[in-house]
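Peer 1:
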Amino acid sequence: MHDERKGIADGPDAAGAHAPRDAFRWSYLIGLSIIAIGMPWGEFLMSIGHIIVLVAWVWEGIARKSVRSRWPGAFTDPAVLVFLSFPLLHLVGLFWTEDLGWGLDVCRILLPTIVLPPIMASSAPLSRTELRVVLLLFASSVTVSSVACLALADGLRDYRALSYFISHIRLALMLCMALFVFVFYWPRRTTLKLAHTVAMGWCMVFINLLGSVAGTFIVLSVGAWALWRWSAEHDRGRIVLRSLLVLLPIGALLVFSAIVHDALHVDPVEFSPLPVRSAGGEVYTHDTTDMQLENGRFVWRNIAWAEVDREWRRISDLPLDKSDAQGNVLYATLFRYMTSRGLAKDSVGLTRLTEDDLARIGRGVPTVYSGQRNRLSERVHEFVFELQRYRNTGDPSGYSVAMRMEFWKAALSIARQHWLVGVGTGDTQLAFDAEYVRMQSKLAPKWRLRAHDQYLTWLVSFGVPGLIWCLWAWCYPVWKRRAWLQPLFVAWAFAFAVSCITEDTLETQAGITFAAFFYCVLVFASEPQRRKNGAALVA
212 MHDERKGIAD GPDAAGAHAP RDAFRWSYLI GLSIIAIGMP WGEFLMSIGH
262 IIVLVAWVWE GIARKSVRSR WPGAFTDPAV LVFLSFPLLH LVGLFWTEDL
312 GWGLDVCRIL LPTIVLPPIM ASSAPLSRTE LRVVLLLFAS SVTVSSVACL
362 ALADGLRDYR ALSYFISHIR LALMLCMALF VFVFYWPRRT TLKLAHTVAM
412 GWCMVFINLL GSVAGTFIVL SVGAWALWRW SAEHDRGRIV LRSLLVLLPI
462 GALLVFSAIV HDALHVDPVE FSPLPVRSAG GEVYTHDTTD MQLENGRFVW
512 RNIAWAEVDR EWRRISDLPL DKSDAQGNVL YATLFRYMTS RGLAKDSVGL
562 TRLTEDDLAR IGRGVPTVYS GQRNRLSERV HEFVFELQRY RNTGDPSGYS
612 VAMRMEFWKA ALSIARQHWL VGVGTGDTQL AFDAEYVRMQ SKLAPKWRLR
662 AHDQYLTWLV SFGVPGLIWC LWAWCYPVWK RRAWLQPLFV AWAFAFAVSC
712 ITEDTLETQA GITFAAFFYC VLVFASEPQR RKNGAALVA
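The opening position of the sequence shown corresponds to residue 212 in our numbering, with each subsequent residue numbered one higher.
Shown next as structure tokens:
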């Protein structure tokens, strides 16, 4: 844990002399701060920050006639050149791209990986004070942004709508990093300790509200790693603490298994003989091959279609064969909801629905328990339902986990066909479109998207050699600059690496800025001595 008591004074410190705080330096720092503050708020502030940083760098070089002296740090450093080969590979990939418009847009999004490395590598390193201020501005901005999102949200029903300014996935990732920053820069004063504690608690609460399984995994994993490191310096209780840390994943697995077991349990009533007719006399439809469950009951049994259609028209103006507010077919949401309440899907069951039930069904709320469980527990229940539905119908449309499985299946198939050089920077969507047709995917046209996995995207775009080179371009500067000795960098790197498993993190402005900014700040812009001695970072 980094204590503000160490290395906070302006002027020289243990890491070496600081750059003079003149107009050039202030402009540079303001630009970095605007990028940091703007990340959770959208593209405008991020873009303004990049422009200010670039202008300050050029302005200083011209005014001080230091362009030539900066050149070695900006464009001859092996670490910088290797990292710049990453966006360069995307430019080269345009040569075997048919959709140049898409490819150029991908290259445009990658501009922060071109602009920031040479600027930060050739500028005076950020002092400990400067680095702390910039990163705490980021963490504070993320916290305020999440509070604003909650204020603007229409309730807590839709976790996606809780992120108003950027993707909820990117916001969860930033909340993880904000939490790490608050912990790393633990303050000395009591009032600031209280503020940090409240902010950290809020970050964890909002990660849960977003239902971010990846965010929860990142926080728990980095927290366990930090405690393990901390225990190395404290003999008292080390064995007990490390034993608990070893048991932590086992406990998490047991909790996860219990939630899955709850989602898969079958009510004993389902083993009774299936009824033949409804109270209204209609013969029930029972699909005994579809094993989708809600609250222990099978969804696609005990359905009297004519009665449902007739009674629904009487109590609601919403067409059963149209979409609900979440984009799912309304009758499927209705049947899931009625099943979770233990109701047969017939006229009698519909009469037992309240006005509140009808309103929730119209909003796309799938079960009577939605909003009553812990958000992460709800997400696991939803994962189980998605996988059951995908297995039974082969149609993943509208369900994030099931769709990702279809995306990955298509990506691996494309990669096998183009393993040497890939399909090019801009032809990923074209390749996926063709592959969905070839594999006769049941994905609805609007859901026929790309990999949603950054590693698979590199594999599809550039083949096996390109994937290896992308990984090398991101790893070599870390090794060369010894950034892996910095605990805060390790925490960020783990969060970034995990995010790339379920998202194309580098194909959105917020994602690439989050990645490029923290990478360049912690690898290229931090003080040289700090990179050489990781112990100096820990109080």
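For each residue, glycine too, the CB sits at the ideal point set by N, CA and C.
Note that the structure is a prediction, hence the values are computed from the model and not measured.
Return the chain-ordered list of same chain residues with a C-beta closer than 8 Å to the C-beta of L733, the five sequence neighbours on each side being excluded.
Peer 2: The answer, listed in chain order, is A694, Q697, L699, F700, W703.
Peer 1: For W205 and F376, what's the separation of their Cα atoms in angstroms?
Peer 2: Since the first and last residues shown for the chain are 212 and 750, residue 205 lies out of range.
Peer 1: If you draw a straight line from the alpha carbon of N744 to that of W441, how long is it in whole angstroms?
Peer 2: Note on N744: pLDDT 37, under 50, position unreliable in the model; no value is reported.
Peer 1: Please state whether the Cβ-Cβ distance between G575 and D310 is less than 7 Å.
Peer 2: Going by C-beta atoms, G575 is not nearer than 7 Å to D310.
Peer 1: Is V477 helix, strand or coil when you go by DSSP?
Peer 2: Looking at V477 - three-state DSSP - the assignment turns out to be coil, as it is neither helix nor strand.
Peer 1: Please determine, among R524, V326, V394, N603, the residue with the shortest C-alpha to C-alpha distance to T724.
Peer 2: Selected option, being the one with the closest Cα: V326.
Peer 1: Check whether the Cβ atoms of I526 and Y548 sit closer than 7 Å, and answer yes or no.
Peer 2: Not closer than 7 Å, so no.
Peer 1: How many Å lie between L390 and R512 at the Cα?
Peer 2: L390 and R512: Cα-Cα distance of roughly 46 Å.
Peer 1: What are the boundary residues of the alpha helix (DSSP H) that includes R649?
Peer 2: Run containing R649: 639-649, per the alpha helix (DSSP H) assignment.
Peer 1: Quick one: using the 10 Å Cβ neighbour count with 16 as the cut-off for buried, is F735 buried or exposed?
Peer 2: With 16 or more other Cβ atoms within 10 Å, it is buried.
Peer 1: Is it the case that the Cβ atoms of E493 and A515 are separated by a distance below 7 Å?
Peer 2: Yes, Cβ-Cβ distance for E493 and A515 is below 7 Å.
Peer 1: Nearest-angstrom Cα distance between F509 and D532?
Peer 2: The alpha-carbon atoms of F509 and D532 are separated by roughly 21 Å.
Peer 1: Would you grab the beta carbon distance between P323 and A727 for me? Rounded to a whole angstrom, and I think it's under 8 Å.
Peer 2: Correct: roughly 4 Å between the Cβ atoms.
Peer 1: Under 8 Å: do the stretch 294-313 and the stretch 634-654 share three or more Cβ pairs, one atom per stretch?
Peer 2: Judged by Cβ distances under 8 Å, the stretch 294-313 makes contact with the stretch 634-654, as three or more pairs qualify.
Peer 1: My parser needs the alpha helix (DSSP H) runs of 4 or more residues fully inside the stretch 288-338; what are they?
Peer 2: Runs of the alpha helix (DSSP H) inside the stretch 288-338: 289-303, 311-320, 322-333.
Peer 1: At the level of alpha carbons, what is the spacing between L206 and K556?
Peer 2: Outside the shown range of the chain, which is 212 to 750, sits residue 206, and nothing can be said about it.
Peer 1: Which of the three DSSP states is assigned to I625 in this structure?
Peer 2: Looking at I625 - three-state DSSP - the assignment turns out to be helix.
Peer 1: May I ask which residues mark the beginning and end of the alpha helix (DSSP H) holding H407?
Peer 2: Counting along the chain, the alpha helix (DSSP H) containing H407 begins and ends at 401-420.
Peer 1: May I have the straight-line CA-CA distance separating G366 from T544, to the nearest angstrom?
Peer 2: Taking the straight line joining both Cα atoms gives about 20 Å.
Peer 1: Put E493 into one of helix, strand or coil per three-state DSSP.
Peer 2: Coil, per DSSP.
Peer 1: Would DSSP call L670 helix, strand or coil?
Peer 2: DSSP places L670 in helix when its eight states are reduced to three.
Peer 1: Per DSSP, what kind of secondary structure is E505 in: helix, strand or coil?
Peer 2: Strand at E505.
Peer 1: Cutting at 6 Å between CB atoms, please list the residues of its own chain near F618, excluding the five before and the five after it.
Peer 2: Answer for F618: A662, H663, listed in chain order.
Peer 1: In the DSSP output, which residue or residues are listed as bridge partners for K556?
Peer 2: Partner(s): I514.
Peer 1: Skipping 5 residues on each side, what residues in its chain have a beta carbon closer than 6 Å to that of A372?
Peer 2: Hits under 6 Å: A364.
Peer 1: Residues in its own chain within less than 6 Å of P223 by CB, not counting five upstream and five downstream?
Peer 2: Only weak support exists for where P223 lies, its pLDDT of 38 falling under 50; the value from the coordinates is given anyway. So the list is empty, once near-sequence residues are dropped.
Peer 1: Taking the alpha-carbon positions, what's the I712 to S624 distance?
Peer 2: About 17 Å.
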